[in-house]
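Here is the structure we will look at, set down as structure tokens.
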Ligand code: RFL
Ligand code: PHB
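Residue numbers (this note's numbering): 209 to 610.
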């Protein structure tokens, strides 16, 4: 049995774990990451593209803003198209100057991984049988198997950054947590291609045939998504079928300009709203997707993970710098306040932009959900007040300090 000592054990080397580790190291707080899969596998998952300024600030504070600031694109607006009509949401104008950055989660993760390796911070990739112990005690620990050897990682605190399917959340006794969940009756099929994007800004499209999103990674790389039935598989969608369907959902003038080409990656993600309360149990803190999931329509998942990281980073800094252990109990309350805003916004955007078929409004004598959503969308897109409400939430609400 090998024993390692550290201050903060981090479970998971996704963006939450890596960013937290880098920030803590900058304050001289020791940390070790234990990750279930390989680094290459983590980098192979194509996910988020839109970063709020709060996230970007944290990345800069971790000393890693260089490539993001050089290669990331500043987006001052987004478009929302409904049944072929296009509406511009002037993020910058409507919020008094706020913008978002279009820079892939894969790139952020790669930057964080490289920095961690350069700083010689310990990460155990492909760790098997990861288990958390004594999270209610003053000396918790994590055990795992690494390349055939058993390890015990002794620590003061554990950050559960192991995503929705991780083990950290399950370590909290069922009677001590409440989980809220909605699974949507459809998923998103994503396609990445080395084709010039169809627009300079993202275009969120509501059409009779379902939702579509035209996103991008650079001037030569595009990312597109389609709403698809939950039981569809990637094999059901040849590249040709994907491009045909996308053209039908985009506004006609946009579809005419679409460049198609072979896919670099295609995957289907289910859509879910999920919150686990509280986000802290003893010396265990849940961070990011381990505690909450949003449907990607509002581009909020990674950004909510970042605000959790910011809160925990501030608390850990106070603990180790000022011996202030009182503030620990505030983590869950602070993180959850912002999480619920993000949950509501993502749910609302999803409701407005997807097809829900024949779903009816409870107690309204057969009135369909889409009928209400049509007028909701009409109001928010056709009035400046409405567009401002969307813009303010899309760029992200401010972080709360401890
Ligand atoms: P992750 O990225 O899931 O990382 C968790 C890590 O923990 C590891 N793990 C374990 N390690 C050790 N022991 C165990 N037992 C473990 N179990 C799991 C996993 O292998 C993994 O490496 O969670 P994290 O770090 O909290 O990051 C969250 C984000 O990845 C997620 O919220 C975003 O990708 C969501 N998201 C978006 N967020 C945005 O802010 N803006 C966007 O534009 C955006 N677009 C998206 C998205 C998510 C998508 N999908 C596929 C769900 C678009 C899509 C399609
Ligand atoms: C992406 O580019 O992957 C992306 C952008 C915006 C979203 C979701 C995903 O709302």
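Ideal placement from N, C-alpha and C gives every residue a C-beta, glycine not left out.
Fair warning: this is a prediction, and the values are worked out from it, not measured in the lab.
Check                                                                                                                                                                          : Outcome
Would you say the beta carbon of residue 256 is closer than 7 Å to some non-hydrogen atom of the ligand PHB?                                                                   : yes
Under 7 Å from any heavy atom of the ligand RFL, does the C-beta of residue 223 make it?                                                                                       : yes
Excluding the five sequence neighbours on either side, which residues of its own chain have a C-beta within less than 6 Å of the C-beta of residue 380, listed in chain order? : 489
Quick one: residues in its chain with C-beta nearer than 6 Å to the C-beta of residue 576, no 5 flanking neighbours on either side, listed in chain order?                     : 568
Whose C-alpha, out of 582, 359, 285, 311, is nearest the C-alpha of residue 274?                                                                                               : 311
May I ask you to report which of helix, strand or coil DSSP gives residue 293?                                                                                                 : strand
Roughly how far, in whole angstroms, is the beta-carbon of residue 498 from the beta-carbon of residue 371, given that I think they are within contact range, below 8 Å?       : 6 Å
Per the contact definition of three or more C-beta pairs closer than 8 Å, is the region 524-538 in contact with the region 504-511?                                            : no
Could you tell me whether the region 472-479 touches the region 378-396, using the rule of 3 or more Cβ pairs below 8 Å?                                                       : yes
Whole-angstrom Cβ separation of residue 420 and residue 454, contact assumed at under 8 Å?                                                                                     : 6 Å
Which one of 429, 271, 578 has the shortest CA to CA distance from residue 561?                                                                                                : 578
According to DSSP, is residue 256 part of a helix, a strand, or is it coil?                                                                                                    : coil
Beta carbon of residue 204, beta carbon of residue 213: below 8 Å?                                                                                                             : Given a span of 209 to 610 for the chain in the structure shown, any question on residue 204 remains unanswerable.
Could you check what DSSP says for residue 474 in three-state terms: helix, strand or coil?                                                                                    : strand
Run through DSSP, which three-state label would residue 570 get?                                                                                                               : coil
Would you kindly work out how many angstroms separate the C-alpha atoms of residue 277 and residue 409, rounded to a whole number?                                             : 18 Å
Compare the beta carbon distance of residue 309 and residue 259 with 8 Å and say whether it is the shorter of the two.                                                         : yes
How many angstroms separate the CA atom of residue 233 from the CA atom of residue 239?                                                                                        : 7 Å
Report buried or exposed for residue 509, applying the criterion of at least 16 other Cβ atoms within 10 angstroms of its Cβ.                                                  : buried
Just the Cα atoms here: how many angstroms apart are residue 591 and residue 374?                                                                                              : 43 Å
Can you grab the Cα-Cα spacing for the pair residue 221 / residue 530, in whole Å?                                                                                             : 28 Å
Can you give me the Cβ contacts of residue 484 inside the same chain, cut-off strictly under 6 Å, excluding the 5 residues immediately before and after it?                    : 377, 385, 387, 499
Using 7 Å as the cut-off, classify the Cβ of residue 349 as near or not near the heavy atoms of the ligand PHB, replying yes or no.                                            : no
Say whether the region 292-311 touches the region 325-340, bearing in mind that this needs 3 or more beta-carbon pairs closer than 8 Å, one atom from each stretch.            : no
Of the residues 427, 456, 472, which one's Cα is nearest the Cα of residue 447?                                                                                                : 472
Start and end of the beta strand (DSSP E) containing residue 398?                                                                                                              : 386-401
Could you tell me if the beta carbon of residue 478 falls within a distance shorter than 7 Å of some heavy atom in the ligand PHB?                                             : no
In the structure shown, what three-state DSSP assignment does residue 598 receive?                                                                                             : helix
Please list, in chain order, all residues of the same chain as residue 607 whose beta carbon is under 8 Å from its beta carbon, the five residues on each side excluded.       : 262, 515, 518, 519, 546
Within 10 angstroms of its Cβ, does residue 352 collect 16 or more other Cβ (buried), or is it exposed?                                                                        : buried
Run through DSSP, which three-state label would residue 514 get?                                                                                                               : helix
Using DSSP with H/G/I as helix, E/B as strand and the rest coil, what is residue 417?                                                                                          : coil
What is the DSSP secondary structure of residue 485, reduced to helix, strand or coil?                                                                                         : strand
Distance, Cα to Cα, residue 361 vs residue 315?                                                                                                                                : 29 Å
How far does the beta strand (DSSP E) with residue 239 in it reach, from first residue to last?                                                                                : 239-242
First and last residue of the beta strand (DSSP E) that includes residue 218?                                                                                                  : 216-219
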